[in-house]
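Here's the structure, in structure tokens; my notes come after.
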Amino acid sequence: MTALMFLLVVIGLLALVTVPFMIISTRRQQAALPQSVGGRQPLLGSAAQVWVSRGERVLRELTASLGEQPGFATLAADATQVVMELRVTAAQVAELDHTISRIPVPSLEDERAALAGAIAEADGAPAQADLVRAHQAVSARLAAAARQRETRDALLAKMQATVMEFERARDELAELITGATSALSTNSDAAADLTGRLDGLREGLVEVRRATDPEIGPAGQGHP
67 MTALMFLLVV
77 IGLLALVTVP
87 FMIISTRRQQ
97 AALPQSVGGR
107 QPLLGSAAQV
117 WVSRGERVLR
127 ELTASLGEQP
137 GFATLAADAT
147 QVVMELRVTA
157 AQVAELDHTI
167 SRIPVPSLED
177 ERAALAGAIA
187 EADGAPAQAD
197 LVRAHQAVSA
207 RLAAAARQRE
217 TRDALLAKMQ
227 ATVMEFERAR
237 DELAELITGA
247 TSALSTNSDA
257 AADLTGRLDG
267 LREGLVEVRR
277 ATDPEIGPAG
287 QGHP
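Below you can see the structure in the form of structure tokens.
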């Protein structure tokens with residue numbers, strides 16, 4: 067009976083010691099990796115998914131490099147925000163792709179051409195007015211698809227530029243940590259420079275989303 071009581075006490079003490087460490091570890095993992103965002107997700111292998119994947123890889127590498135670098139402590143949080151914005155932008159791209167896929171552009175182009183011919187043949191007949199309205203409706207759908215493709219392409223271009231600048235920042239940070247460059251004189255200078263650049267990347271993604279989707283107000287933009 068005494069041995070059983072001793073065993074229970076030991077188990078209780080181990081639990082008191084282990085649980086806090088588990089909680090701390092979980093919180094660190096949550097801080098290091100951005101949480102998933104709502105909305106439609108990009109298809110595996112799509113351009114948006116590839117840029118997000120590359121951004122997440124940079125974040126993992128930065129987090130590992132910064133683990134024992136107190137002079138760059140805030141950079142991990144800044145990098146996380148960049149990846150969050152990449153994910154939000156990718157969700158918007160996925161939504162656009164889904165909408166574009168529902169507009170049968172080739173068949174609509176054929177239909178518009180056929181309607182144009184029918185309008186010319188009608189030339190004053192009672193059906194001409196309806197044919198004109200049908201032609202206008204088809205043209206409007208094609209114009210909407212073109213605008214959506216333009217918006218998607220602008221978002222993808224910004225994602226590409228952001229990820230490449232993100233990778234550049236990772237490489238420069240690695241040089242600073244290893245002492246391979248003296249471009250910035252102190253860790254505080256380096257941290258301030260990289261923080262400003264990461265914040266610029268995040269803001270760039272927010273701005274391009276705002277420019278391509280004016281219905282989303284500033285309150286709905288970004289992750290503070």
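Residue numbers (my numbering): 67 to 290. Beta carbons: idealized from backbone N, C-alpha and C, even for Gly.
Under the three-state DSSP convention, the category residue i falls into
i	result
D292	With the chain covering 67 to 290 only, the question about residue 292 has no answer from this structure.
I243	helix
R94	Note that R94 scores 42 on pLDDT, short of 50, meaning its location in the model is unreliable; the coordinates nonetheless yield the value given after this. R94 falls in the helix class under three-state DSSP.
G104	coil
L152	helix
Q135	coil
S112	coil
V261	Here the sequence assigns Thr to residue 261, which means Val is not the residue at that position. Three-state DSSP puts T261 in a helix.
A191	coil
T84	Per-residue confidence for T84 stands at a pLDDT of 46, beneath the threshold of 50, marking its modelled position as unreliable; the derived number appears in the next sentence. T84: helix per DSSP, three-state reduction.
T140	coil
P170	coil
D163	helix
D279	coil
Proximity of residue i and residue j at Cβ, strictly below 8 Å
i	j	result
L239	V159	no
T140	T261	yes
T278	V148	no
L152	A142	no
V204	R168	no
F138	A258	no
L271	A145	no
M225	A156	yes
L162	R207	no
A209	V274	no
L267	E233	no
Residue-level contact to chain D via CB, residue i, 8 Å cutoff
i	result
R199	The structure shown contains no chain D; it holds only a single protein chain.
Close beta carbons around residue i, own chain, < 7 Å, minus the five adjacent residues each side
i	result
I185	Q194, L197, V198, H201
L181	L197, A200, H201, V204
F87	Its pLDDT being 39, under 50, F87 is placed unreliably by the model, and nothing is read from it.
I243	S131, Q135
D176	none
Own chain residues within Cβ distance below 8 Å of residue i, not counting five before or after
i	result
I166	A211, Q214, R215, R218
I90	Confidence at I90 is low in this model, with a pLDDT of 36, below 50, so the placement of that residue should be treated as unreliable; the coordinate-derived value is given next. Excluding sequence neighbours, I90 sits near nothing in its chain.
P108	A114, Q115, V118, A156, A157, V159, A160, D163
A106	Reading off the sequence, residue 106 comes out as Arg, not Ala. Within the same chain, R106 has close Cβ partners A157, A160, E161, H164.
Same chain, Cβ closer than 6 Å to residue i, neighbours up to 5 away in sequence not counted
i	result
A97	Summary for A97: the model assigns pLDDT 41, below 50, so the residue's position carries little reliability; its value from the coordinates is reported in the next sentence. Cβ within range, chain order: n/a, list empty.
Q. Is there contact here, the region 115-130 with the region 228-239, by at least three beta-carbon pairs under 8 Å?
A. yes
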